[in-house]
Amino acid sequence: MIERCCAFTGHRPKKFPWGYDETDARCVTLKRMLSKQIATLVGAGYTAFLSGMAEGSDTWAALAVFALKKENPALKLHCVLPCEGQADQWSASARELYYSILKQADSIVYVNRKYNKECMLKRNRYLVEHSAYLLAVYNGEWRGGTAMTVRYARKLGRKITILNPATPERLERQYTSDTE
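Residue numbers (the working numbering): 1453 to 1632.
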């Protein structure tokens, strides 16, 4: 599965300049570019996708996979969760979206059943270790889960595409040394 598998990582809405306002033109553009990149990966032969199911980038990517799956039923979405109850503190609408995605997912993996201080890191490492490609919505900051996930993917030599939420039309691509 790993050769044709792409994992998603990205910031939660509070890290975006528009916050939770998904009608903001910048958010609409970012979601469109995220969908376009996933479609490009499908065109390159990627059929399995891993989402950590955090609010924002992870759920938008999952929805993009579902949209593409309507035309290509071979696509699979696997939700990799840090623990049960990940969405317990989220808003009602965010929880509704979360559970609707989980219902449609091809599989759900829990890296821990109960929350602990390591479960998010374990989830992020699982995403990278079980995929050949990382599609990241990442603003370049040094701290945080997305930053650590991107660094870990680089360390393992994964292919990476980064969409910067400030300039989603411009892509930063990194490839392992044995490709392109």
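All residues carry an ideal CB built from backbone N, CA and C; glycine is no exception. Predicted model, so just to flag it, every value in this text is computed and none were measured.
Mind checking if residue i is an interface residue toward chain B, Cβ cutoff 8 Å exclusive?
{"i": "W1470", "result": "Of the protein chains in this structure there is only one, and it is not chain B."}
Could you tell me if residue i is buried or exposed, where buried requires 16 or more neighbouring beta carbons within 10 angstroms of its beta carbon?
{"i": "T1601", "result": "buried"}
{"i": "I1614", "result": "buried"}
{"i": "V1494", "result": "buried"}
{"i": "I1454", "result": "exposed"}
{"i": "T1598", "result": "buried"}
{"i": "R1484", "result": "exposed"}
{"i": "V1480", "result": "exposed"}
{"i": "T1634", "result": "Lying outside 1453 to 1632, the shown extent of the chain, residue 1634 is not represented and no answer is given."}
{"i": "Y1551", "result": "exposed"}
{"i": "A1477", "result": "exposed"}
{"i": "S1583", "result": "buried"}
{"i": "A1526", "result": "exposed"}
{"i": "A1544", "result": "exposed"}
{"i": "A1618", "result": "exposed"}
{"i": "R1610", "result": "buried"}
{"i": "A1519", "result": "exposed"}
{"i": "A1496", "result": "exposed"}
Sort out for me which residues DSSP pairs residue i with in a bridge.
{"i": "F1460", "result": "L1587"}
{"i": "A1500", "result": "C1457, K1528"}
{"i": "T1613", "result": "L1587, R1625"}
State the CB to CB distance for the pair residue i and residue j, rounded to an integer number of angstroms; the pair is presumed to be in contact (CB under 8 Å).
{"i": "I1612", "j": "R1606", "result": "7 Å"}
{"i": "V1563", "j": "P1534", "result": "6 Å"}
{"i": "P1469", "j": "G1508", "result": "Their Cβ separation, rounded to whole angstroms, is 13 Å, which puts P1469 and G1508 out of contact at 8 Å."}
{"i": "A1516", "j": "L1486", "result": "6 Å"}
Please list, in chain order, all residues of the same chain as residue i whose beta carbon is under 8 Å from its beta carbon, the five residues on each side excluded.
{"i": "R1622", "result": "N1616"}
{"i": "L1573", "result": "G1597, M1600"}
{"i": "N1576", "result": "T1461, G1504, G1597, M1600, T1601, Y1604"}
{"i": "I1490", "result": "C1458, F1501, A1513, A1516, V1517, L1520, L1587"}
{"i": "L1608", "result": "V1580, E1581"}
{"i": "E1570", "result": "N1564"}
Give every residue of the same chain whose Cβ lies closer than 7 Å to the Cβ of residue i, excluding the five residues on either side of it in the sequence, and list them in chain order.
{"i": "D1540", "result": "none"}
{"i": "D1510", "result": "F1460, G1462, S1503, G1504"}
{"i": "D1558", "result": "K1528, L1529, H1530"}
{"i": "W1512", "result": "K1483, L1486"}
{"i": "L1554", "result": "C1531, I1560"}
{"i": "Y1472", "result": "P1465"}
{"i": "Y1660", "result": "No statement about residue 1660 is possible, as the shown extent of the chain runs from 1453 to 1632 and does not include it."}
Which residues in the same chain as residue i place their Cβ atom closer than 6 Å to its Cβ, once the five residues preceding and following it in sequence are excluded?
{"i": "G1592", "result": "none"}
{"i": "R1625", "result": "T1613"}
Is residue i near the ligand FAD, going by C-beta to nearest heavy atom under 7 Å?
{"i": "H1582", "result": "Questions concerning the ligand FAD fall outside what the structure shown contains, since it holds no ligand whatsoever."}
Would you mind listing the alpha helix (DSSP H) stretches within the region 1522-1586 that are 4+ residues and don't spill past its ends, in chain order? 1544-1556, 1571-1581
**Item:** Length-filtered (4 minimum) alpha helix (DSSP H) runs lying within the region 1471-1515
**Value:** 1477-1495
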